[in-house]
Amino acid sequence: MSNTTTPRSRWQDYFAGLSGAALSVPQVMGYARIAGVAPVIGLYTLLLPPLAFAAFGSSRHLVVAADSATAAILAGGLGAIAEPGSVHYMALVPVVAFLTALLLLVARLFRLGFLADFLSRTVLVGFLAGVGMQIALSMLHDMIGMSGHDPNPVVQLWRDLTHLRTLNVPTLILSAAVVGSIALGSRFAPKCPVPLIALVGSIALSAAFGFSSIGIVTLQPVSSGLPRLVLSLPAFEDLQHVLPIAGSCVFVIIAQSAATSRAFADLFNEQVDENADILGLSAANLASSLTGSFVVNGSPSQTAVLTRLGARSQKSQIAIAAVVAVILLCATGPLRYLPQCVLASVVFVTGLNMINVRGLLAIKSESPGEFRLALVTAATVVAIGVEQGILLATVLSLLRHVRHSYEPHTSVLLPVQSGLFETVPCRNGIETAPGLIIYRFAADLFYANCTWFLDDVTRLVEAAPHPVRCVVVDAGAITDVDYSAAVMLRNLLEKLHQRHVTLFLGRVSPDLHRDMVRHHLLEAIGEDHVFPQLHLAVDAARAMINPMAASS
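Using the numbering used here, you'd call the opening residue of the sequence shown number 118 and step up by one each time.
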């Protein structure tokens, strides 16, 4: 797709931004509620941060603003240091954004965009589902009008269930009405800004009928005007506490933003530079810190909304920033009438939408093992915390990769017609032909899996129905051989020689001179046993078993 923007598409971007603001404004106010800060601070994330990303990032579609995942990380981390809403807590919020910007800049300098690949799609689905469940559970408290708060949503849910007699019925009715209207609007009028209508309508009703007089808690007065630019530097005593929070945010920002920008770039046949996007995200978080706001991230939901509305460039963010500036200058007064339960209901629906049920079911149908990993990740986020969920998601992704390398697919090749083979899983009593076994090992050979290779070959030779004369290894998938694996090959060669069995390795590489794997194999077992193509090794094996048949 061309990067040139026609006048018509430019105006389309602006109109999409104006329409998208109707959905973004209530969302970021809800995310501010998740982060434990005033709703107006959520509006600040729609001012300078998107413009900073547009100036330095490469993605034409990624919307950068407040996000539920990073807001949950912030609240979970800072909640253990200071009371949410306290002076100390509010002072640390922009500090985390500043440190996040610095860490993202370091990631850009070292071109660490590839780190996004270490969080597999499976555990990312599970992680986001856990974050969504955690957000939804934490919002139930305000939706039923109960006092008291616990940072752990499971503990909070238990306390609420044991004190249901103290819930506020008008608050519960209003919350149910908001959730129901958003659900119906999403189903039958997806382009209608139902959350914004709910917020404006509840403000009008609250001001007219005095909702606070019947026990429905409303927001405190919201300060008006544009934010002042202040550089928030971390104090040394706070650094050790907030730096891990910023590190957790960075990992999620890189993974989630890269996944989102890649998805929409593929949709429009465009290219995206993850490292340039990291620089843009660093600039966006620095801008957020300067305005006293919290960490911003690439938002999948807001990106999808603006794309559906017709936005095709970052110019749509200019329109959103303009709308937010008008709200901050002219329309913050009525926000003090906004019921907290309405804002919590909007966030509750957002949390539920993060639970990708279809994605989880698709994972289950493809790979039950990966589905279990996704559920474990989600449960960890809900029961223990978001930071722990990120760590577990990363570890599980890496362990899954290591497990695939440690337990690779191995098989024996059986002839189906002249020159063609089919693969059959290794088992006792199987052979390619009398006296011949063609064995495939579908991974690199290294210290962790070379014993697997040794055991497979030894078992196949010992359990073969006919005395084995030759073993041919299809080494097409072997791209590296470490020292431990080379020692294992030499020992295996000697062991097979004692049984009068010859080992060949074939299909190493068509380039006989520059291939390092071939060099390692030659050092390990000698030139007479290594062939550049599999069929040459098979021919050599057949010649040893039956010289007459091989020559014919």
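Glycine included, each C-beta is placed from N, C-alpha and C at the ideal position.
Residue i lies in the beta strand (DSSP E); which residues open and close that run?
i: Asp591; result: Cys587 to Asp591
i: Leu553; result: Leu553 to Phe558
i: Phe621; result: Thr619 to Gly623
Count the other C-beta atoms from every protein chain shown that fall within 10 angstroms of the C-beta of residue i, then say buried if there are 16 or more, exposed otherwise.
i: Cys447; result: exposed
i: Leu460; result: buried
i: His526; result: exposed
i: Asp645; result: exposed
i: Gly409; result: buried
i: Pro351; result: buried
i: Glu391; result: buried
i: Phe488; result: buried
i: Leu600; result: The sequence shown places Tyr at residue 600, rather than the Leu named in the question. So Tyr600 counts as exposed.
i: Val618; result: buried
i: Arg225; result: buried
i: Leu450; result: The sequence given here has Gly at residue 450, not Leu. With fewer than 16 other Cβ atoms within 10 Å, it is exposed.
i: Thr335; result: buried
i: Ser668; result: At Ser668, the pLDDT of 46 sits below 50, so the modelled position is not reliable and the matter cannot be decided from this model.
i: Ala657; result: buried
i: Met633; result: exposed
i: Ile395; result: buried
i: Leu329; result: Position check: residue 329 holds Ser in this sequence, whereas Leu was assumed. It counts as exposed.
i: Asp572; result: exposed
i: Thr279; result: exposed
i: Arg659; result: buried
i: His652; result: exposed
i: Leu281; result: exposed
i: His258; result: buried
i: Ala666; result: Because the pLDDT of Ala666 is 49, which lies under 50, any placement of that residue in the model is unreliable, and the question is left without a value.
i: Val474; result: exposed
Go to residue i, then tell me how far its alpha helix (DSSP H) extends in each direction, as first and last residue.
i: Phe170; result: Leu165 to Phe173
i: Gly202; result: Segment: none, Gly202 is in no alpha helix (DSSP H) and carries neither H nor E.
i: Ser406; result: Glu391 to Leu407
i: His614; result: Tyr600 to Gln615
i: Phe488; result: Pro485 to Ala500
i: Ala253; result: Arg238 to Met260
i: Ala654; result: Leu651 to Ile662
i: Pro312; result: Val311 to Phe326
i: Gly297; result: Val286 to Phe305
i: His636; result: Met633 to Ile642
i: Val271; result: Pro270 to Thr279
i: Leu460; result: Gln457 to Asn470
i: Ile437; result: Lys432 to Cys447
i: Ala580; result: Cys567 to Ala580
Roughly how far, in whole angstroms, is the beta-carbon of residue i from the beta-carbon of residue j, given that I think they are within contact range, below 8 Å?
i: Ile437; j: Gly137; result: 6 Å
i: Leu145; j: Met207; result: Position check: residue 145 holds Val in this sequence, whereas Leu was assumed. Actually they do not touch by this definition, with Cβ atoms about 17 Å apart.
i: Ala149; j: Pro156; result: 5 Å
i: Val464; j: Ile333; result: The Cβ separation is near 17 Å, so there is no contact.
i: Ala491; j: Leu477; result: 6 Å
i: Leu537; j: Val240; result: Not a contact, Cβ separation roughly 39 Å.
i: Ala594; j: Phe570; result: The Cβ separation is near 12 Å, so there is no contact.
i: Asn414; j: Asp184; result: 4 Å
i: Leu164; j: Ala442; result: 7 Å
i: Ser405; j: Pro167; result: About 10 Å separates the two Cβ atoms, so there is no contact after all.
i: Leu577; j: Val529; result: 7 Å
i: His636; j: Ala603; result: Contact flag wrong, Cβ pair sits at about 10 Å.
i: Gly397; j: Phe227; result: Not confirmed; about 16 Å, so no contact.
i: Val204; j: Ser349; result: The Cβ separation is near 13 Å, so there is no contact.
i: Ile190; j: Ile444; result: Actually they do not touch by this definition, with Cβ atoms about 27 Å apart.
i: Pro287; j: Ile331; result: 5 Å
Starting from the N-terminal side, write out each stretch of the beta strand (DSSP E) that is 3 residues or longer and does not extend beyond the region 507–549. 527–534 and 537–542
For the region 128–192, list the alpha helix (DSSP H) runs that are entirely contained and at least 4 residues long, ordered along the chain. 156–161 and 165–173
Using 8 Å as the cut-off, can you tell me whether the region 194–212 makes contact with the region 427–434, which would need three or more C-beta pairs spanning the two stretches below that distance? no
With contact counted as at least three CB pairs below 8 Å, one residue from each stretch, are the region 311–331 and the region 165–182 in contact? no
Sufficient close CB pairs (3 or more, under 8 Å) joining the region 243–251 to the region 494–512: yes
Are the region 511–520 and the region 610–627 in contact at 8 Å, needing three or more beta carbon pairs? no
Three CB pairs or more closer than 8 Å across the region 211–228 and the region 360–370: yes
Between the region 270–277 and the region 397–411, do three or more beta carbon pairs fall short of 8 Å? no
So does the region 566–586 actually touch the region 544–552, counting three or more Cβ pairs closer than 8 Å? yes
Could you tell me whether the region 291–300 touches the region 337–356, where touching means 3 or more Cβ pairs closer than 8 Å? no
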